[in-house]
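Peer 1: Handing you this structure, nothing more for now.
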Amino acid sequence: MNKQSVVIGLLGTNLDRPRGKDRWSHWRPSVGLCQQPDLLIDRFELLYDPAHIKLAGQVAGDIRKVSPETEVCLTKIKIGDHWDFEEVYAALHDHARSRTQDSEYEDLLVHITTGTHVAQICLFLLAESRHYPARLLQSSPAAARRGRPVDPAGTHRIIDLDLSRYDQLAARFRVEREDSDTLLKAGIATRDAKFNRMIDQIQSVCLATDSPLLLTGPTGSGKTALAKRIYDLKRQRGQLSGRWVAVNCATIRGDQAMSTLFGHVRGAFTGAASDRDGLLRSADGGMLFLDEIGELGADEQAMLLHAIETKQFFPFGSDQSSRSDFQLIAGTHRDLQSEITAGNFREDLLYRIGMWTFALPGLADRPSDLEPNLDYELEEFARRSGRRVTMNREARQQFLLFASEPAALWRGNFRDLNAAVTRMATLCSSDRIGTEQVQEEIGRLRESWRRSTGREIDSSEALLSKHFDDRELDAIDRIDRVTLSEVLRVCGRSDSLAQAGRCLYQASRREKQKPNDSDRLRKYLAKFDLCWNRQHNHVERSPSSNAE
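Numbering that gives the first Met the number 0 numbers the first residue of the sequence shown as 0 and each following residue consecutively.
Spelled out as structure tokens, the structure:
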């Protein structure tokens, strides 16, 4: 079925106006469109102000003369001030909503050559937002050529708003996106597919909205660094103009927390000798990062919720409200849902800050990223110290083999890795780390992890210790620990519960007509209060066990 070609355009009160008896020798955009040999217009919806009804009739008559097959539909649209953006947009928006849009039967084009610049911008916005499901149509006078009369029909060009169709633009967007990815990853060429997907999602969200973000993950997983890079990206794109303001909520308590966050007035409490703005006020127009938000007290949580929802708050000791429009990113290593159950965190605050929640994996959960992060830490050491240090091949292989073992706990995550590289680079006698420095550092790390857990950790117990504390491990029989650690090892290498189940039940599944490996594995994990997180593709404690 052939679609009907339909053009929507504004009457050009100057460009479309006839110029005496020789009007056919002048370019008039609306008339010229209907003279294009390669543009057949079935219907022209010409929008006009009632004050120019005579001109509209003349233009419609001339269109019918040059293109009898074109149906001209004159449509009144009342605009008092054609340079008032709000008024023009409202009028055109009302027209778009009142019009029956049927993309199946019509190929819609919006003519953006006539009308004021304000009207042209409004038409573009309405087409881009798909209020007019159309492509843009641009016309222009023909260029003069020596020895030839100027063609009064002019020329035209159709612009598709799907920018991915334009190779050069698409290439620019790819480069821009790659630059953004690099910024959010701190320039580290991460190889972990799950982490890469998460970074892509964070970039899309942070550039599309100013809603709060919640970053969860163990201590040292990089929440603060990622939040700062999100700020840098948004500032680079012109979405933020204010400051980067950050605080660890675990370091502030009581009156100090109130004063630090919301400010105070002179005399609000003993020692308040002068007014203080507070961090919320300082972050106006910028970004506020509240790390370990779960450590805030009940009063601070209530005031923060009010500030997020209304952009207003009361400084400590004041009855006059202050205003601050900031983007919030919160961080925590706690399970805030469990904290709600325990009565330590407000459910409505979590609802407000947790719409966009991203769980940052620890270093031990990203074994494929150990090597690029090792290179990054060596580069950072060179930048800080002015001394470039490398690793010989054998030392590098030895360190990476140890770092990726299940027994490598990396309890401090990237802080542990940073400290390890710094120690090795500092202690090497030349500018090259050898196996001697690597072996010494492995011994230091193992001893540090042994002291922190109070026991020798083998590879099996290292896996279990990520999910159970010492008391819980003591309650599990040793034979069950061996089996469970192997299940966790397979799950850690799998992209789905079904894939892990197929691997674990490879022999017994052959005896079943309809094997349900996922269900078997799910029930096995549930015996130990574990479950599979489908969003992040890993095993974690069941919410019910955390609540207890």
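Note that CB positions come from ideal geometry on N, CA and C, so glycine has one too.
Report the three-state DSSP secondary structure of Cys-427 (helix, strand or coil).
Peer 2: Of the three classes helix, strand and coil, the one that applies to Cys-427 here is coil, per DSSP.
Peer 1: Quick one: residues in its chain with C-beta nearer than 8 Å to the C-beta of Cys-205, no 5 flanking neighbours on either side, listed in chain order?
Peer 2: The answer, listed in chain order, is Leu-212, Ile-229, Leu-232 and Lys-233.
Peer 1: Can you have a look at His-110 and say buried or exposed, based on whether 16 or more other CB atoms are within 10 angstroms of its CB?
Peer 2: His-110 should be labelled buried.
Peer 1: For Gln-34, which three-state DSSP category applies?
Peer 2: Of the three classes helix, strand and coil, the one that applies to Gln-34 here is coil, per DSSP.
Peer 1: Determine contact between the region 361 to 381 and the region 318 to 332, defined as no fewer than three beta-carbon pairs at a distance below 8 Å.
Peer 2: The region 361 to 381 is not in contact with the region 318 to 332.
Peer 1: Quick one: Cα of Ala-272 to Cα of Phe-288, how far?
Peer 2: In a straight line, the C-alpha of Ala-272 is about 27 Å away from that of Phe-288.
Peer 1: With a CB to CB cut of under 6 Å and the five nearest residues on each side skipped, what residues in its chain are close to Arg-156?
Peer 2: Counting only Cβ-Cβ distances below 6 Å, and skipping sequence neighbours, we find Gln-137.
Peer 1: Have a look at Ala-546 and Ala-133 and give me their C-alpha separation to the nearest angstrom.
Peer 2: Note that Ala-546 has pLDDT 45, beneath the 50 cutoff, so the model's placement of it is unreliable and no number is given.
Peer 1: Does the separation of the CB atoms of Asp-274 and Arg-265 fall below 7 Å?
Peer 2: Against a cut-off of 7 Å, the Cβ pair of Arg-265 and Asp-274 comes out as a contact.
Peer 1: Nearest-angstrom Cα distance between Asp-364 and Trp-531?
Peer 2: Between Asp-364 and Trp-531, the C-alpha separation is close to 15 Å.
Peer 1: Express the C-alpha separation of Phe-84 and Thr-181 in angstroms, rounding to a whole number.
Peer 2: For Thr-181 and Phe-84, the distance between alpha carbons rounds to 38 Å.
Peer 1: Report the option in Arg-383, Arg-392, Val-71 and Leu-225 whose CA atom is closest to the CA atom of Val-6.
Peer 2: Residue Val-71 is the option with its Cα nearest to Val-6.
Peer 1: Just to confirm before moving on: does the CB-CB distance between Gly-433 and Ala-394 stay below 7 Å?
Peer 2: Yes, the Cβ-Cβ distance between Gly-433 and Ala-394 is below 7 Å.
Peer 1: Please classify Ile-120: does DSSP put it in a helix, a strand, or coil?
Peer 2: Looking at Ile-120 - three-state DSSP - the assignment turns out to be helix.
Peer 1: Straight-line CA distance for Asn-343 to Ala-297?
Peer 2: Going by the C-alpha atoms only, they are around 8 Å apart.
Peer 1: Whole angstroms is fine: what's the gap from Ser-367's alpha carbon to Ser-102's?
Peer 2: If I take the Cα positions, the gap works out to 48 Å.
Peer 1: Please determine if the region 179 to 198 and the region 49 to 68 are in contact, where contact requires at least 3 C-beta pairs separated by less than 8 Å.
Peer 2: Contact between the region 179 to 198 and the region 49 to 68 is absent, because fewer than three Cβ pairs lie under 8 Å.
Peer 1: Mapping DSSP to helix, strand and coil, what is Val-58?
Peer 2: In the structure shown, Val-58 sits in a helix (DSSP, three-state: H, G or I).
Peer 1: Let's test the definition: count the other Cβ atoms within 10 Å of the Cβ of Ile-478 and tell me whether it reaches 16, buried, or not, exposed.
Peer 2: Exposed: under 16 other Cβ atoms inside 10 Å.
Peer 1: Between which two residues does the alpha helix (DSSP H) carrying Ala-394 extend?
Peer 2: Taken as a continuous stretch (DSSP letters only), the alpha helix (DSSP H) holding Ala-394 covers 392 to 402.
Peer 1: Quick one: what's got a C-beta closer than 8 Å to Ala-497's C-beta in the same chain, skipping five residues either side?
Peer 2: Within the same chain, Ala-497 has close Cβ partners Asp-516 and Ser-517.
Peer 1: Assign Asn-372 to one of three DSSP states: helix, strand, or coil.
Peer 2: Here Asn-372 sits in helix by DSSP.
Peer 1: Which ranges would you report for the alpha helix (DSSP H) in the region 292 to 370 if only whole runs of at least 4 residues count?
Peer 2: For the region 292 to 370, whole alpha helix (DSSP H) runs of length 4 or above, ordered along the chain, are 297 to 309, 335 to 340 and 346 to 352.
Peer 1: Identify whether Asp-199 lies in helix, strand or coil by the three-state DSSP scheme.
Peer 2: Looking at Asp-199 - three-state DSSP - the assignment turns out to be helix.
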